[in-house]
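Trainee: In the numbering used here, the protein residues as written are 46 to 351. Pasting in a structure now, in structure tokens, and then I'll have a few things to ask.
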Amino acid sequence: MLTTRPHSGDQTLPPLALLRSKDIEKQVFTHRSLHGRPGHLFEDPPDDPAPDNEKLEHQGDSVLLLVVTDLLREEYPYLRVGPSTKIRSLVVNNSTLAAISRQYRLSERLRQHVSQSVALRASTNVQADLFEAYVGGLYIDQGLDAVKAWLYPLFRPYIHEAYRIVKEQHTATGRFTEPEPEPEPEQQAAEQEPENSEDHDGDTPPVNTPRDASSTTPTPELGIASPTVGHLSLFNQHVSRQGKVVEWVYDASGSRATPIWTAKALVNGDCLGSGRGRTKQLAKDAAAREGLAKIGVHVPYVFPGM
Numbered sequence: 046m047l048t049t050r051p052h053s054g055d056q057t058l059p060p061l062a063l064l065r066s067k068d069i070e071k072q073v074f075t076h077r078s079l080h081g082r083p084g085h086l087f088e089d090p091p092d093d094p095a096p097d098n099e100k101l102e103h104q105g106d107s108v109l110l111l112v113v114t115d116l117l118r119e120e121y122p123y124l125r126v127g128p129s130t131k132i133r134s135l136v137v138n139n140s141t142l143a144a145i146s147r148q149y150r151l152s153e154r155l156r157q158h159v160s161q162s163v164a165l166r167a168s169t170n171v172q173a174d175l176f177e178a179y180v181g182g183l184y185i186d187q188g189l190d191a192v193k194a195w196l197y198p199l200f201r202p203y204i205h206e207a208y209r210i211v212k213e214q215h216t217a218t219g220r221f222t223e224p225e226p227e228p229e230p231e232q233q234a235a236e237q238e239p240e241n242s243e244d245h246d247g248d249t250p251p252v253n254t255p256r257d258a259s260s261t262t263p264t265p266e267l268g269i270a271s272p273t274v275g276h277l278s279l280f281n282q283h284v285s286r287q288g289k290v291v292e293w294v295y296d297a298s299g300s301r302a303t304p305i306w307t308a309k310a311l312v313n314g315d316c317l318g319s320g321r322g323r324t325k326q327l328a329k330d331a332a333a334r335e336g337l338a339k340i341g342v343h344v345p346y347v348f349p350g351m
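Quick look at the structure:
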């Protein structure tokens, strides 16, 4: 595990960029649970688009990767692709985005179903998704230049700290070490999942570095960690006892060389959990952990060395 604290003291974030459109602002802070629309639809009716922030989060995820990649190129123009990819992964991991989201107190403005209010606002994934939805909303509202004007000063300290970490790794080993390949997600799924789980996904692209890491302070604290496994089988057990079936929906963001998988666990069309990881299996385990919390089963998430 890599964990760091900057040597320059606490990080003061730049002011939150303001959204001009009230409609976009309302959508940014609307969670899918508020309206309870079915999750199995292929697309929305033209006269009744989904009012939640999922599409803005999807847009913001891509915009965020672009902005951080551009900033990396400006700050370190001679950096090779391998270290640059590792640095970017450290900067945009879910826990870092959630910590930034908490500093801006975004979750306090989240509109969700009252029965899920506590669980959603405390969820790292939801907090990170909300930050990405805000990025996506700002991009649609005011364009890429406005996003860069906000995010460049925000992420510059994080990039500098991640650069220091990765460079120290390289200095210690004499080379940049790529992460070891994960077992094929389909093979892991076959070994770990009960037969009541249904998957809907495409081809699995090559995988690289993780986006799930630990950062619990308002300073640029970055890390890589391996999640505690076992949530998936436990989640499936609890769902199957209720006579229900889990439908898994996947999405891959980022580049083909360094994708980030998002997995959503749908039960009767409702999303019980959402998670991210560098493989579908890790994303499913994170989603299952969130799903367990929603149905009242607490399983602690332990980072090595903590």
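For glycine and all other residues, C-beta sits at the position ideal for the given N, C-alpha and C.
Smallest Cα separation from ASN98: which of THR75, ASP89 and GLU120?
Mentor: Closest by alpha carbon: THR75.
Trainee: For GLN282 and VAL291, what's the separation of their Cα atoms in angstroms?
Mentor: Their backbone Cα atoms lie some 10 Å apart in a straight line.
Trainee: For the segment 193 to 204 and the segment 132 to 143, state whether three or more C-beta atom pairs, one from each stretch, are separated by less than 8 Å.
Mentor: In short, these stretches touch, since the Cβ pair count reaches three.
Trainee: Can you name the start and end residues of the alpha helix (DSSP H) that VAL342 belongs to?
Mentor: Careful: VAL342 lies outside any alpha helix (DSSP H) and carries neither H nor E.
Trainee: For GLY299, which residues of its own chain have a beta-carbon under 7 Å away from its beta-carbon, when the five flanking residues on both sides are left out?
Mentor: These residues qualify, in order along the chain: LEU110 and ILE305.
Trainee: Note down the Cα distance separating LEU101 from TRP293, rounded to an integer number of angstroms.
Mentor: If you take the alpha carbons of LEU101 and TRP293, they lie about 21 Å apart.
Trainee: Could you give the first and the last residue of the continuous alpha helix (DSSP H) run that contains ASP68?
Mentor: Element bounds for ASP68: 67 to 73.
Trainee: Does the Cβ-Cβ distance between VAL33 and ALA178 come in under 8 Å?
Mentor: Summary: the structure shown does not reach residue 33, with the chain confined to residues 46 through 351, and so no result is reported for it.
Trainee: What span of residues does the beta strand (DSSP E) with VAL294 cover, start to end?
Mentor: Taken as a continuous stretch (DSSP letters only), the beta strand (DSSP E) holding VAL294 covers 291 to 299.
Trainee: To the nearest angstrom, how far is it from the Cα of ALA331 to the Cα of ARG321?
Mentor: Cα-Cα distance, rounded: 6 Å.
Trainee: Going straight from the alpha carbon of LEU151 to that of ILE69, what length do you get?
Mentor: Approximately 15 Å, taken between the alpha carbons.
Trainee: What are the start and end residues of the alpha helix (DSSP H) that includes ASP115?
Mentor: Looking at the DSSP string, the run of the alpha helix (DSSP H) that includes ASP115 is 99 to 120.
Trainee: Between the C-alpha atoms of ILE210 and ARG156, what's the straight-line distance to the nearest angstrom?
Mentor: Roughly 38 Å between the two C-alpha positions.
Trainee: Please classify ALA144: does DSSP put it in a helix, a strand, or coil?
Mentor: The answer is helix: DSSP assigns ALA144 an H, G or I state.
Trainee: How long is the line joining the alpha carbons of TYR184 and SER146, rounded to whole angstroms?
Mentor: So the alpha carbons of these two residues sit roughly 17 Å apart.
Trainee: Determine the direct distance from the alpha carbon of ALA191 to that of GLU105, and round the result to whole angstroms.
Mentor: Rather than Glu, the amino acid found at residue 105 in this sequence is Gly. Approximately 13 Å between the Cα atoms of the pair.
Trainee: Quick check on VAL372: buried or exposed, where buried means 16 or more other Cβ atoms within 10 Å of its Cβ?
Mentor: This structure does not reach residue 372, given that the chain is present from 46 up to 351, and the question cannot be answered.
Trainee: If distances are taken between C-alpha atoms only, which option among LEU142, LEU327, LYS289 and LYS193 comes closest to LEU175?
Mentor: Nearest C-alpha to LEU175: LEU142.
Trainee: On the DSSP bridge assignment, give the partners of ARG156 in chain order.
Mentor: DSSP output for ARG156 lists THR75 as bridge partner(s).
Trainee: From ILE340, LEU327, ARG301 and TYR123, pick the residue whose C-alpha is nearest to that of CYS316; which is it?
Mentor: Of the candidates ILE340, LEU327, ARG301 and TYR123, the one whose C-alpha sits nearest the C-alpha of CYS316 is ILE340.
Trainee: Considering only C-alpha positions, which residue in the set SER78, ASP89 and ASP186 is nearest to ARG65?
Mentor: The option with the nearest alpha carbon to ARG65 is ASP186.
Trainee: Could you tell me which uninterrupted beta strand (DSSP E) segments, each at least 3 residues in length, are contained entirely in the segment 312 to 336, listed from first to last along the chain?
Mentor: Runs found: 315 to 322.
Trainee: If I measure Cβ to Cβ from GLU231 and keep anything under 6 Å in the same chain, skipping five residues before and after, which residues do I get?
Mentor: Note that GLU231 scores 39 on pLDDT, short of 50, meaning its location in the model is unreliable; the coordinates nonetheless yield the value given after this. Excluding positions up to five away in sequence, the list is empty.
Trainee: Going by Cα to Cα distance, which pick from ALA297, ASP296 and ASN313 is closest to SER285?
Mentor: Minimum Cα distance to SER285 is reached at ASN313.
Trainee: Start and end of the alpha helix (DSSP H) containing TYR149?
Mentor: Per DSSP, TYR149 belongs to no alpha helix (DSSP H) and is neither H nor E.
Trainee: With 16 as the cutoff for other CB atoms within 10 Å, does VAL208 come out buried or exposed?
Mentor: Sequence inspection shows Tyr at residue 208; the Val mentioned does not correspond to that position. Flag for TYR208 reads buried.
Trainee: Starting from ALA173, trace the alpha helix (DSSP H) both ways and give me its first and last residue.
Mentor: ALA173 -> alpha helix (DSSP H) spans 169 to 187.
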